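If you want the numbering used here, it's the position in the sequence shown, counting the first as 1, plus 200.
C-beta atoms are modelled at their ideal positions from N, C-alpha and C, and glycine is treated no differently.
Just so it is clear, the structure is predicted and the values come from calculations on it, not from any experiment.
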Amino acid sequence: MTTFVIALSIWLHTLATVVFVGHYLFMSLVYLPVFEQQAKGNALRELLEEVSGRLRPYFGGSLLIFIITGTYLMVINEDYLGLGDFFGNAWSVLIVVKHVIVLAFLALAIYSERAIMGKISDAQPQALRQFRLVLGVNTTLGILILLLTTAAQSV
Numbered sequence: 201m202t203t204f205v206i207a208l209s210i211w212l213h214t215l216a217t218v219v220f221v222g223h224y225l226f227m228s229l230v231y232l233p234v235f236e237q238q239a240k241g242n243a244l245r246e247l248l249e250e251v252s253g254r255l256r257p258y259f260g261g262s263l264l265i266f267i268i269t270g271t272y273l274m275v276i277n278e279d280y281l282g283l284g285d286f287f288g289n290a291w292s293v294l295i296v297v298k299h300v301i302v303l304a305f306l307a308l309a310i311y312s313e314r315a316i317m318g319k320i321s322d323a324q325p326q327a328l329r330q331f332r333l334v335l336g337v338n339t340t341l342g343i344l345i346l347l348l349t350t351a352a353q354s355v
C-alpha cells in the first residue's frame, strides 16, 4: 500500500506541476503571440482574463495537491532531516532553494494577474510589455523548479 501511495503522490505532484509550468510555458511561447495577432488592447485583456478565470480552479486544485503531496513526499524522504534543518544535506538545500523559487513563482503569478493583466488596454501598451516580461520570468522559474526537483530526486 505504501508504494501505491508514494507513486500516487509523485504522479499527482507531477501533474500539478504540469498545470502550472505548462500554462506559463505555453502562454509565453504559443498562446500570447497568437492572441496578440488576433486581439489588441482591451480585447486582448478580456481574452487573457477569460483564460485566467478558466484556469483558476485548476490552479487552486493544483496548490492543494502540492501542499498535500509535497508535505507527504518530503516527510517520508530518507534525506528529510526535520523542520528547520535546511542545510544538513544536499537534498535539503535543493528543496529549500526550490521552495523559495516556488514562492517567488506564485507571488509573480498573483502579481501578473492582479496588478498587470487588468491594466492591459489600448491606452496602456506598457502593461502588455510588463505582462510579457513577468510571463517570461515565471516560465524560466517554472523550468528551474523542474530542474531543482530532478536534482533533488537524483541526490
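Residues bridged to residue i (per DSSP)
i	result
residue 324	321
Local Cβ density within 10 Å of residue i, reported as buried at 16 or more and exposed below that
i	result
residue 220	buried
residue 292	buried
residue 347	exposed
residue 345	buried
residue 158	Outside the displayed range of the chain (201 to 355) lies residue 158, so it cannot be described from this structure.
residue 334	buried
residue 352	buried
residue 269	buried
residue 207	exposed
Where residue i sits in the DSSP three-state scheme
i	result
residue 239	coil
residue 284	coil
residue 246	helix
residue 338	helix
residue 227	helix
residue 251	helix
residue 313	helix
residue 296	helix
residue 274	helix
residue 355	coil
Presumed contact (8 Å Cβ cut-off) between residue i and residue j, rounded CB distance
i	j	result
residue 201	residue 248	Between residue 248 and residue 201 the Cβ distance is about 44 Å, and since that is not below 8 Å, they are no contact.
residue 341	residue 305	4 Å
residue 283	residue 289	Residue 283 to residue 289, Cβ: 15 Å. No contact.
residue 313	residue 252	6 Å
residue 225	residue 339	5 Å
residue 307	residue 265	That pair is no contact at about 19 Å.
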